[in-house]
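Position in the sequence shown (first residue = 1) + 16 = the working numbering. Beta carbons: idealized from backbone N, C-alpha and C, even for Gly. Small disclaimer: the values here were computed from a predicted structure and weren't measured.
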Amino acid sequence: MTRWRYAAATDTGLVRETNQDALFVDDSLAIVADGMGGHAAGEVASAITVEAIYNGYLERPTIEGLLGAVETANREVLSDARANPDRFGMGTTVITVGLTRDGTGFSTPTLLHVGDSRAYQLRDGALRQLSSDHSVAEEWVRMGRLTADEALTHPRRHQLTRAIGVDADIEIDVMSLHVQVGDRILLCSDGLSNELEPDTLAKLAGAPGSLDDAVTNLINAAKMAGGRDNITAVLLEFDEAHEPARTINTTMASAPPPVASTVASRPRKSGSSITWRAGAGLLLVAGVVAAFFYIMHWYAYSTYYLAPDGKYIGVYAGQPNGVLWYKPKLASRTMYLSAQLQTPALASLKATISEPSLQSALNYAAYLHGLWVTSQSSGVTTTTTSTTTTTVRTTTTVKAKG
């Protein structure tokens, strides 16, 4: 079982007139949304999003359920904006961590995000950024057009490339988190991350004492640094962490039993009877053919495996070599670099993995990445890693925050 303790707070800051951030946190779900739009529109967008994700997760606490909840939030914000012209153009970022269940009965911390709200992991004093900002400047950093230092002051650093409520099509980043007892996860709006340096975040978020005190100190420090935006922080500390046992199943999944039929012969009675029987026979043949295609489709995409997707590691649905005309499909693209998994041992594991669910495959990707992280020399500098699932391939229209 995986469990966390938590504390959270939000503040209007020193410049904004209203607080358009929204949050929710309990013992299995944490959400931060940073609304944008004129008047109270951003506040509405963030509130709709938090409520939709909470309801969706409550109904289905799985990775698929959490993804569906974010997609529902996107539809509901768009629908509300269409019904209320004064809210046209509203939107929100969102970052959420939920304990998602898989077939083993255990819960895995799963992170999803859209926009530039952030998630950090703090372990033994070292701060690691988990999420990747969906902004023009950060996209250019990933493309090599800007350096990380240049992005900090670039005029388009706050211009988002993805947001909830901007377009019907949306891309959602998702990753399974590899946690240990004592780890802390910080979710925050950019009103916190823009004001404080990583070493300050690490010092305050990891300070001994109560989580409530740590969150209060984070908010106050952001206000002392300028407080130019709404400030929201959710701090989780894991007091119990389940590490799923790793088993690699390289056997092919068994398909359901084939549909069989027996046609008994009877004496010919009349032309109409022959016509009826011929029609029934055709329907029977059609049913058998349909059952065959259904079984083949089920078998072809019943498992998941890891393989390179360009320079990153992808999670594919299907059999590695395909089945008949059913070729593997990319189900999720992580941000773990292929180069990080190129040692002989890891390459061997990656080549033979066969997992029964998307959640299980993402867990294994996180496990392999964790091995790589462990092999590196520890440091206090902040690094960035995330796992991306493209649920809809079209990137949202660029929308400036304000």
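Check: Excluding sequence positions up to five away, which residues of its chain have a Cβ less than 6 Å from the Cβ of Asp245?
Finding: Gly29 and Gly207
Margin query: Alpha carbons only, please: which of Ile47, Leu299, Ala221 and Ala24 is nearest the one belonging to Thr126?
Written below: For the residues Ile47, Leu299, Ala221 and Ala24, the minimum Cα distance to Thr126 belongs to Ile47.
Next item on the list: Could you tell me whether the Cβ atoms of Asp37 and Thr248 are closer together than 8 Å?
Entry: yes
Note to self: Going by beta-carbon coordinates alone, are Arg139 and Asp199 separated by less than 8 Å?
What the structure shows: yes
Notebook entry, point to check: Near Glu59, what residues of its chain come up, given a Cβ to Cβ distance below 8 Å and the 5 sequence neighbours on each side ignored?
Noted result: The beta carbon of Glu59 sits closer than 8 Å to those of Thr34, Asn35, Gln36, Ala38 and Gly51, all from its chain and outside the five residues before and after it, given in chain order.
Next item on the list: For the beta strand (DSSP E) containing Ser226, list its first residue and its last residue.
Entry: Here Ser226 belongs to no beta strand (DSSP E), and DSSP marks it neither H nor E.
Item checked: Residues bridged to Leu203 (per DSSP) -> Ala135 and Val250
Check: Applying the criterion that 16 or more other CB atoms from any shown protein chain within 10 Å of the CB defines a buried residue, is Thr108 buried or exposed?
Finding: Burial call: buried.
Notebook entry, point to check: Among the residues of its own chain, which have a CB less than 7 Å from the CB of Asp96, if the five just before and after it don't count?
Noted result: Val60, Ile64 and Arg103
Checklist line | Contacting residues, own chain, Cβ-Cβ under 6 Å from Ser364 (five flanking each side not counted) | finding: Annotation note: pLDDT 47 at Ser364 (below 50); position unreliable, coordinate value reported separately. Nothing listed; no residue qualifies.
Check: Apart from the five residues just before and just after Leu227, which ones in its own chain have a Cβ nearer than 7 Å to its Cβ?
Finding: Excluding residues within five positions, the ones whose Cβ falls inside 7 Å are Arg21, Tyr22, Ala23, Leu251 and Glu253.
Checklist line | Residue nearest to Asp185 in terms of C-alpha spacing, selected from Glu80, Thr88, Gly242 and Gln137 | finding: Thr88
Next item on the list: Taking all protein chains shown into account, decide if Asn422 is buried (16 or more other Cβ within 10 angstroms of its Cβ) or exposed.
Entry: Examination of residue 422 is not possible in this model, given that the chain is present from 17 through 418 alone.
Note to self: Rounded to the nearest angstrom, what separates Ala229 and Leu346 at their Cα positions?
What the structure shows: Per the sequence shown, the amino acid found at residue 229 is Asp instead of Ala. So the two alpha carbons sit approximately 44 Å from each other.
Checklist line | Identity of the residues DSSP links to Thr112 by a beta bridge | finding: Answer by DSSP bridge pairing, in chain order: Ile47 and Leu128.
Next item on the list: Report the rounded CA-to-CA distance for Pro171 versus Gly338, giving the unit in angstroms.
Entry: Rounded to whole angstroms, the separation of the alpha carbons of Gly338 and Pro171 is 47 Å.
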